[in-house]
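Each position in the sequence shown, counted from 1, maps to that position plus 925 in our numbering. Think of the CB as a built atom: it goes at the ideal place given N, C-alpha and C, for glycine as much as any other residue.
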Amino acid sequence: MTTRILNSAKLISIYIFLTSLSILASSYKMELRETVIDNNQREISIVMLSDSDTSIELTSYQCALSLNQTIDLSNISFSYIARSSELVNEPNLFVGMENIDGENEITFVSYIGHDIITNAKETIVGKFLLAGTNIGKVKDINLQWNFDGTISTIITGKNFENITNPKNHKSSYTKLEDDKNQPTAQRVAISSSEASAVGGNKFKESNLYDGITSSSNGGNYNSSSEGRWAAAGFPQWVTIDLGSEVEVENIKINGFESEKGVTYDCEFYSGTNSNKSLIKKETTASGTQWSEHSLDGTKTRYVTVVITGSEGNDWCDIWEMEVYGIGGTAAVEDNTEEETLTEENIPNEFGI
């Protein structure tokens, strides 16, 4: 009995050793390379080569790339660029998008075939186009190799042996020169505003950009303090004029008592209240002073925010709004946040 167990152990050891040799002999490198075309398109190239002096027999491949964002897949497309592959077995059995395990993925699968991969030069597995609308900037989507779940990356070698090794897969990201030179977003000055209602002269909508926030004056403000836009009931809306067309990246909102957990349900539009187009609907963050909301680089002069409700407040009650984007006039930073002691107002014991 003992001899049989020892013999079995030897056989298992030999099998593991031979399997290791097979994997080593099938060592490869596969790289995902991305190049931005513009805000709505990027080209994805997959290249492969042998990682040793031994050639690899590639019999099939299935590649899955996870997206780092929750995106409506109906707003995005992923397609193979015809004849871009240097393989006989092109990646055109299936090319598309899936969400089977609760994670958005783009995938491509080959037929069964026979290709030889060497280390003499890189072999282009295929080039693909990722394009989208109404999802923000496609160039900001982060793609990662996926080796888990129902649909995952699988590479097969000789005799259809699974030679997949996650360590052999990597990604690189390249910006076009034009994209590298793009200006960065800045805080944009608000030139004027209009609102559905105000709670008296103390609570005009122009207070939204007066520089007074919930932390001004050391936070020594209360529900009757000036410096906020406030109006009773919901819905309420405010339109802010940026003076000229701006590529709006995001908007920051400082809601009344947001630090204490009060939230506000917001709808963000481009255009004026009478002529507007919906960008998105979001609720402000809870337990923090500022809540930041991406407006996806929308080009507009006017931003309209409709506040439809609140958790914790019967009033539409906002301290401040800040808009960040490319273009327009840069906002002038003020010193309202903190009172600065100067030589003129420093008290002294002599009253001088």
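The continuous beta strand (DSSP E) containing Q1069 extends over residues 1068 to 1070. Uninterrupted beta strand (DSSP E) stretches at least 3 residues long and entirely within the stretch 1165 to 1221 occur at 1188 to 1197, 1200 to 1208, given in chain order.
In the displayed model, N1145 falls within coil according to three-state DSSP, outside both helix and strand. Between E1030 and A989, the C-beta gap is smaller than 7 Å, which places the two residues in contact. Selection E1028, T1089, T1032 evaluated against D997 yields E1028 as nearest (Cα-Cα).
Two segments are said to touch when three or more pairs of C-beta atoms, one from each, lie closer than 8 Å; by this definition the stretch 1038 to 1051 touches the stretch 1001 to 1016. For M1022, the CB contacts under 6 Å within the same chain, skipping 5 residues up- and downstream, are L998, F1003, I1031 in chain order. The beta carbons of T1109 and S985 sit no closer together than 7 Å.
Residues of the same chain with a CB within less than 6 Å of the CB of F1019, apart from the 5 flanking positions on each side, are V1034 in chain order. In the three-state DSSP reduction, Y1134 falls in the helix class (H, G or I). Secondary structure note for K1052: its beta strand (DSSP E) is the uninterrupted segment 1048 to 1057. Within the model, the alpha-carbon separation for S1216 versus W1070 is close to 32 Å. Rounded to whole angstroms, the gap between the alpha carbons of S1141 and V1113 is 21 Å. One Cα belongs to I1037, the other to N1014, and the distance between them is close to 7 Å.
For the 7 Å CB-CB criterion, I1165 and I1115 form a contact. The criterion of a C-beta distance shorter than 7 Å is satisfied by V1230 and V1163. With 16 or more other Cβ atoms inside 10 Å of its own Cβ, P1016 counts as buried. Of the candidates V972, D1242, I1066, the residue whose Cα lies closest to the Cα of G1158 is D1242. Boundaries of the beta strand (DSSP E) around G1021: 1019 to 1023. When rounded, the separation of the alpha-carbon atoms in I971 and V961 is 15 Å. When rounded, the separation of the alpha-carbon atoms in A1255 and A1045 is 53 Å. Around the C-beta of S1202, fewer than 16 other C-beta atoms lie within 10 Å, and the residue is accordingly described as exposed. The C-beta distance from T1078 to F1072 rounds to 5 Å, short enough to meet the 8 Å contact threshold.
A Cβ-Cβ separation of about 20 Å leaves T1223 out of contact with D1190 under the 8 Å criterion. Non-local beta-carbon contacts of W1240 in its own chain, meaning distances under 6 Å to residues more than five positions away in sequence, involve A1155, A1157 in chain order. Y1005 is not a Cβ neighbour of I981, given a cutoff of 7 Å. According to DSSP, residue pairing for Y1249 in a beta bridge involves R1112, N1175. Taking the Cα of K1129 as reference, the smallest distance to any Cα among I1001, P1091, Q1111, R1153 is reached at R1153. When DSSP states are grouped into helix, strand and coil, L1012 belongs to the coil group.
Around I1178, the same chain offers T1209, S1216, M1246 as residues with beta carbons nearer than 6 Å, after the five sequence neighbours per side are excluded.
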